[in-house]
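Numbering (our numbering), first residue to last: 530 to 844. Quick reminder that beta carbons are idealized off the backbone N, C-alpha and C, glycines included.
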């Protein structure tokens with residue numbers, strides 16, 4: 530069965546610098562989703578969001594912008610904003626699990642309010658011609674919440690609903706709930722995409738066997754932890770390329786140089802790369818030791834030395 534791989538957006542990680550470098554060095558992803566635009570009540574798009582969506586900054590095959598909001602005016606504003614750059618689709622984030630978002634009734638904190646979802650979708654489909662897709666968790670408190678939204682969602686011509694098979698209050702803890710995902714398949718007419726815990730080729734193949742009707746698969750954290758994963762899934766292999774560590778090193782150096790140029794001062798770049806290494810380290814033979822080495826590097830010289838030692842030890 531032919532299938533498509535999509536990059537699930539991760540706030541703070543999968544911006545245009547990461548996406549371009551990933552596509553250049555590894556490939557395997559057909560469609561990238563941009564991290565969400567959040568307005569917070571002001572109809573102004575922050576400069577960082579603007580840069581992320583500019584067509585000249587993006588060299589990937591397909592990019593879909595995303596919005597997080599519980600307000601129809603904000604949704605309409607962002608829809609018109611992205612359309613001026615030629616984007617025809619806007620993804621609505623009802624998946625973010627973090628309390629700072631959910632306590633404001635956004636992300637997965639909005640799933641329990643089908644009436645508000647209905648109001649926003651009605652206005653968007655009445656007042657704009659943008660194609661709407663959605664990314665959801667199965668609820669915030671429990672996995673039944675999403676089932677209550679399906680009669681509403683089925684009223685609208687949504688392109689698809691990507692479902693992360695967890696509830697919001699789990700954050701990323703505990704396993705995915707595949708039985709609950711099957712209930713979603715059984716209870717909506719919409720095309721569903723699967724998201725959640727695709728971290729190995731064999732794990733992906735097991736998911737394919739479990740859900741033979743799903744042909745669109747989203748990879749989030751697994752893509753950062755092992756950038757070779759999408760390409761290996763596409764090539765149906767568990768073998769890494771012979772120049773694995775050389776490629777990984779070139780990719781790392783590319784994003785490091787770009788973030789170093791974009792961020793001001795030693796602390797932001799240190800925190801940015803520590804965030805990446807929290808994931809990257811999982812690909813190395815001793816993840817704990819690898820990440821500890823990165824965390825101990827308190828300046829640029831020490832950091833580059835640590836990176837050199839890490840890659841050399843694997844080669």
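Under the Cβ criterion (8 Å, minimum of three pairs), the region 775-788 does not count as touching the region 735-748. Of all C-beta pairs linking the region 791-806 to the region 551-562, fewer than three are shorter than 8 Å, placing the two stretches out of contact. Residues 689, 691, 745 and 747 of the same chain have their beta carbon placed closer than 6 Å to that of residue 722, with the five preceding and five following residues left out of the count. In the three-state reduction of the DSSP assignment, residue 577 falls in the helix class. Residue 631 and residue 646 have their C-alpha atoms some 15 Å from each other. Apart from sequence neighbours up to five positions away, the residues of its chain that approach residue 547 with a beta-carbon distance below 7 Å are 784, ordered along the chain.
Between residue 676 and residue 716, the gap from beta carbon to beta carbon is short of 8 Å. Between the alpha carbons of residue 729 and residue 702 lies a distance of about 18 Å.
Taking C-beta atoms under 8 Å as the contact rule, residue 610 and residue 574 qualify, at a distance of about 6 Å.
Under the three-state reduction of DSSP output, residue 562 falls in the strand class. For residue 811 and residue 754, the gap between their C-alpha atoms comes out near 6 Å. Straight across, the Cα-Cα distance linking residue 777 with residue 577 is about 26 Å. In the three-state reduction of the DSSP assignment, residue 613 falls in the coil class, being assigned neither a helical nor a strand state. Counting of Cβ neighbours within 10 angstroms places residue 544 among the buried residues, the total reaching 16 or more. In this structure, the beta-carbon distance from residue 596 to residue 566 falls below 8 Å.
By DSSP's assignment, residue 803 forms no beta bridge with any residue.
Looking only at 563, 568 and 625, the smallest Cα-Cα distance to residue 616 is reached by 563.
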